[in-house]
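Q: Sharing a structure below in structure tokens format, with a few things to ask.
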């Protein structure tokens, strides 16, 4: 499957009135090349294609529908004049953008790393499948520009059209994600488009009148009648969206939405809609759950707007129900009748509740309140479609983790007797006979009003006191978060191996190893296993010499802090050393964990603290922090290596508190207790902790965490932020070996052993994505800047990673002559070098800027202007 770009045939020499866009509105694309049919490579059915308008940018994205073009010679059937013939390609254009929202070529080049030259040529291959999602998203993002994100409220407006009631909030949510669509359905496509509108957005119609719990059936109507109905639907929805939601969207866009969903053109986008609409529905239900005293609204009248959206046929269904021995439903029926008569208010509500309770001679409202009573009656309208959405997501996630044998348990914001709440979720679990989701570890998706969470969860019947520390979830939160199905699928794939292991062996069994926490570390690190790092001869340091230092520190019972300038490979070196320790045949480690310190860290993140025991509970329980979870999981001893990147970002005293004592090899008692009031302690391992021959793995006491003798902490620290060193206590510091990973000295221009280009070549050998040659003018300009930074005592040295970023940036810019090259290098200096100069004394920084500005291959004006803007006082 290829990706193509097609010109609209609009040129500066021969401009067209419509910019050559006419074919884009007719499912067509045009080329004039007489040799088109002889091309070995040309678009075929299923290929992706973008349309480019000269001087404007990308204005359309579509899918090629046929292998062969139609050759048109009749001027009446041609789109353009002054041509002997046209090759007309059949293309389904999903998006057609107005000129002001076109994706500019500059955006394509810079953001998507497109290296195919300019936009010359009528038809060329464009990008590849790796860049395709980004290109589509760029077009779609511009197509969304005029459709605002819907804000959940206490009403989800509904429009009635031809006996079908469509949820405008759902349609608005879908349009916000899909954007302005262009692919209006043909007559042959109308049936699927219409069925998609009903399946995804219709809350009531003829299909539910015979079975109110039914959600969707295929439409069985003659084509002519269906087309007429579909046109009426899209027109009525368009008008109602503007009146009720303030969204100006024409009927063709609504029709195109039905077509794209019906034909599953963008499955991930459809599933994004399901996810985001469910999230908005959770927030909508929360808007109905008022606190009368705080919000000055009573919890009965707040439902007036929501109830006003209910179709009469739906209310009739409720009023015809048999409510014998169902007092809550009896109350609901009377409340709906009062609503129809315009008499639903708090006093009427209380009167109905009292009368029904008296008739049943007990308090029928025990555990019920106005929200759950009225909400149950209201939610019945949305319920079947909500369940459909959850079920679709469940099936999608089963496929994503490549395990369709998994069972699913779905809770759709509603419990027994239509008891309404705002928490909807689904759990995937091994579908064994006689077991339920509660008996298993789960692949989980949970939706609450302000947060969506997904990942590895633990069923109620397999939880122990430490279960929360083992849960592995990611989340999106309001107001800025936008949950994406791609993120959910990626997270569930990530945790699937652990999900399988736990459901096979259970907590603390099956795969448990004979871990000896008392055993010392005696390891050997292999320089040949270190990849992607280069230490040139100018450093006087080699991979082997660095590993010898690391090995000596680890075998001497020390932890390590790697120091040095930014970009020197400290984190990569720490991670690769940890990988070797973990992968060794006799490794004492059960895993490794990488995290980045932040200024917000406290002992809550590292040691732990109290958290609510269950959602909504007042009771608190101790939840272990990141480091304690490295030593115990599910009650069993662990020994996970820990890598902390940029440890200097954290306030050492605030973040590591009691761990000073632990890292000094002493026992410490934390200011926390277990649920049975035992004090929680951390202690170093002793010989008593060594496993006895034939002894099975034993659970540790809930109150105790044991630090294995071989456990190691590897951390990194940028040398320009080394002031944090002095916040460490001596007892803490003496447990660390500080290993410097320096920036390399750069050869002078006249040096020959090595020359600047030979020096750079050593790095380029490992940087496969850098296409500049070591002797290219642009590369030499970057070396000049690197030499100034690493050779000036007032400057701050740069590591190779920053230089690699500079080279990647420069090669993405136009480099047609020396002036352009020197400006590109200067832009890279401003973007990547200047941030390293923050916090310097003005005089020192000024000297460095002068040296950079007067280097021959760096444009002086760009450097001076950038410095004036960034460092203005």
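Numbering (my numbering), first residue to last: 415 to 1287.
For each residue, glycine too, the CB sits at the ideal point set by N, CA and C.
1. Going by DSSP, what residues sit across from residue 1125 in a beta bridge?
2. How many Å lie between residue 1067 and residue 1073 at the Cα?
3. Once the 5 residues before and after residue 961 are set aside, which same chain residues still bring their CB inside 8 Å of it?
4. Under a three-way DSSP split, which group does residue 748 fall into?
5. Please report the distance separating the alpha-carbon of residue 521 from that of residue 1193.
6. Suppose the cutoff is 6 Å on Cβ atoms and the five residues either side in sequence are ignored; what does the same chain contact list for residue 1131 look like?
7. Just confirm the distance between the C-beta atoms of residue 566 and residue 697, as a whole number of angstroms; I'd bet it's less than 8 Å.
8. Kindly identify the DSSP beta-bridge partner or partners of residue 872.
9. Going by the beta-carbon positions, is the gap between residue 1053 and residue 1004 smaller than 8 Å?
10. Compute the beta-carbon to beta-carbon distance between residue 1077 and residue 1149, rounded to the nearest angstrom, for a pair I have assumed lies under 8 Å.
11. Would you list the one or two residues that DSSP bridges to residue 1154?
12. Round the Cβ separation of residue 1261 and residue 1208 to the nearest angstrom and send it over; I've been treating them as touching at under 8 Å.
13. Can you tell me which of the three DSSP states residue 983 falls into?
14. Do the CB positions of residue 1300 and residue 967 come within less than 8 Å of each other?
15. Residue 1088 and residue 1117 look like a contact to me (Cβ under 8 Å); what is the Cβ gap, rounded to whole Å?
16. Going by the DSSP bridge assignment, what does residue 1133 pair with across the sheet?
17. Smallest Cα separation from residue 935: which of 486, 983, 1002 and 438?
18. Could you give the distance in angstroms between the alpha-carbon of residue 559 and the alpha-carbon of residue 503?
19. Look up residue 822 in the DSSP assignment and say whether it is helix, strand or coil.
20. Pull up the distance between the alpha-carbon of residue 778 and that of residue 872, whole angstroms please.
21. My output table needs one value for residue 1006: the three-state DSSP class, helix, strand or coil.
22. So is residue 1024 buried or exposed if we call it buried at 16+ other beta carbons inside 10 Å?
23. Just confirm the distance between the C-beta atoms of residue 948 and residue 1214, as a whole number of angstroms; I'd bet it's less than 8 Å.
24. With a CB to CB cut of under 8 Å and the five nearest residues on each side skipped, what residues in its chain are close to residue 1114?
25. Per DSSP, which one or two residues make a beta bridge with residue 618?
26. Which residues share a DSSP beta bridge with residue 740?
27. Looking at C-alpha atoms only, which residue of 888, 930, 887 and 658 is the closest neighbour of residue 1107?
28. How long is the line joining the alpha carbons of residue 1098 and residue 885, rounded to whole angstroms?
29. Mind checking which residues open and close the alpha helix (DSSP H) that includes residue 675?
30. In whole angstroms, what separates the C-alpha of residue 786 from that of residue 623?
31. Name the one or two DSSP bridge partners that residue 1022 has.
32. State the DSSP-derived secondary structure class of residue 563, mapped to helix, strand or coil.
33. Do residue 394 and residue 952 have their C-beta atoms within less than 8 Å of each other?
34. Since residue 690 is in the alpha helix (DSSP H), which residue starts that stretch and which ends it?
35. For residue 772 and residue 766, I'd like the C-alpha separation in whole angstroms.
36. Look up residue 1070 in the DSSP assignment and give the residues it is bridged to.
A: Based on what the coordinates show:
1. Taking the first residue of the chain shown as position 1, residue 1125 is located at position 711. Looking at the DSSP assignment, residue 1125 forms no beta bridge with any residue, so it has no partner.
2. Within the chain shown, residue 1067 is the residue found at index 653, counting from 1. Within the chain shown, residue 1073 is the residue found at index 659, counting from 1. Each residue's alpha carbon lies about 9 Å from the other.
3. As a first step, residue 961 must be located in the chain shown, where it is residue number 547. These residues qualify, in order along the chain: 939, 940, 941, 944 and 991.
4. Taking the chain shown and counting its residues from 1, the one referred to as residue 748 is at position 334. The answer is helix: DSSP assigns residue 748 an H, G or I state.
5. Start at 1 with the first residue of the chain shown, and residue 521 comes out as number 107. Start at 1 with the first residue of the chain shown, and residue 1193 comes out as number 779. Each residue's alpha carbon lies about 23 Å from the other.
6. On the chain shown, position 717 is the one that residue 1131 refers to. 975, 977, 1061 and 1062.
7. In the chain shown, the residue the question calls residue 566 occupies position 152. In the chain shown, the residue the question calls residue 697 occupies position 283. Going by Cβ atoms, the distance from residue 566 to residue 697 rounds to 4 Å, so yes, they are a contact pair.
8. As a working note, residue 872 is residue 458 in the chain shown. Paired residues: 855.
9. Position 639 of the chain shown, counting from 1, holds the residue named residue 1053. Position 590 of the chain shown, counting from 1, holds the residue named residue 1004. Yes, the pair counts as a contact, with Cβ atoms nearer than the cut-off.
10. Position 663 of the chain shown, counted from the first residue, corresponds to residue 1077. Position 735 of the chain shown, counted from the first residue, corresponds to residue 1149. The pair is a contact, with the Cβ atoms about 5 Å apart (cut-off 8 Å).
11. By one-based count along the chain shown, residue 1154 stands at place 740. DSSP output for residue 1154 lists 977 as bridge partner(s).
12. Along the chain shown, one-based indexing puts residue 1261 at 847. Along the chain shown, one-based indexing puts residue 1208 at 794. The pair is a contact, with the Cβ atoms about 5 Å apart (cut-off 8 Å).
13. Indexing the chain shown from 1 puts residue 983 at position 569. In the structure shown, residue 983 sits in coil (DSSP, three-state: anything other than H, G, I, E or B).
14. Because residue 1300 is not part of the residues shown, which for the chain are 415 to 1287, the question remains open.
15. Numbered from its first residue, the chain shown carries residue 1088 at position 674. Numbered from its first residue, the chain shown carries residue 1117 at position 703. Going by Cβ atoms, the distance from residue 1088 to residue 1117 rounds to 5 Å, so yes, they are a contact pair.
16. On the chain shown, position 719 is the one that residue 1133 refers to. Paired residues: none, contrary to the question.
17. Residue numbering aside, residue 935 sits at position 521 when the chain shown is read from its first letter. Per the Cα distances, 1002.
18. Residue mapping note: residue 559 aligns to position 145 of the chain shown, counting from 1. Residue mapping note: residue 503 aligns to position 89 of the chain shown, counting from 1. Rounded to the nearest angstrom, the two C-alpha atoms are 29 Å apart.
19. Taking the chain shown and counting its residues from 1, one reaches residue 822 at position 408. Residue state, collapsed to three classes: strand.
20. In the chain shown, residue 778 corresponds to position 364, counting from 1. In the chain shown, residue 872 corresponds to position 458, counting from 1. Each residue's alpha carbon lies about 35 Å from the other.
21. For the purposes of this step, residue 1006 is identified with residue 592 of the chain shown, where counting begins at 1. Residue state, collapsed to three classes: strand.
22. To locate residue 1024, count along the chain shown from 1; it is residue 610. Exposed, because fewer than 16 other Cβ atoms sit within 10 Å of the Cβ of residue 1024.
23. Residue numbering aside, residue 948 sits at position 534 when the chain shown is read from its first letter. Residue numbering aside, residue 1214 sits at position 800 when the chain shown is read from its first letter. Rounded, the Cβ-Cβ distance is 7 Å, consistent with contact.
24. Residue numbering aside, residue 1114 sits at position 700 when the chain shown is read from its first letter. Result list for residue 1114: 1046, 1049, 1050, 1051 and 1120, in chain order.
25. Taking the first residue of the chain shown as 1, we reach residue 618 at position 204. Bridge partners of residue 618: 579.
26. Residue numbering aside, residue 740 sits at position 326 when the chain shown is read from its first letter. Paired residue(s): none; residue 740 is not in a bridge.
27. Looking up residue 1107 in the chain shown gives position 693. Looking at the Cα atoms, 930 is the closest of the given residues.
28. Position 684 of the chain shown, counted from the first residue, corresponds to residue 1098. Position 471 of the chain shown, counted from the first residue, corresponds to residue 885. If you take the alpha carbons of residue 1098 and residue 885, they lie about 26 Å apart.
29. Counted from its first residue, the chain shown places residue 675 at position 261. 665-676 is the extent of the alpha helix (DSSP H) around residue 675.
30. Here the question's residue 786 lines up with position 372 in the chain shown. Here the question's residue 623 lines up with position 209 in the chain shown. Approximately 25 Å, taken between the alpha carbons.
31. By 1-based counting over the chain shown, the position of residue 1022 is 608. The partner list for residue 1022 (beta bridge, DSSP) reads 1038.
32. The count along the chain shown starts at 1 and reaches residue 563 at position 149. The answer is coil: DSSP assigns residue 563 none of H, G, I, E or B.
33. Past the edges of the chain, shown from 415 to 1287, lies residue 394, and the structure says nothing about it.
34. As a position in the chain shown, residue 690 is number 276, starting the count at 1. Residue 690 -> alpha helix (DSSP H) spans 681-702.
35. Position 358 of the chain shown, counting from 1, holds the residue named residue 772. Position 352 of the chain shown, counting from 1, holds the residue named residue 766. Going from the Cα of residue 772 to the Cα of residue 766 covers about 10 Å.
36. As a first step, residue 1070 must be located in the chain shown, where it is residue number 656. Answer by DSSP bridge pairing: none, since residue 1070 is not bridged.
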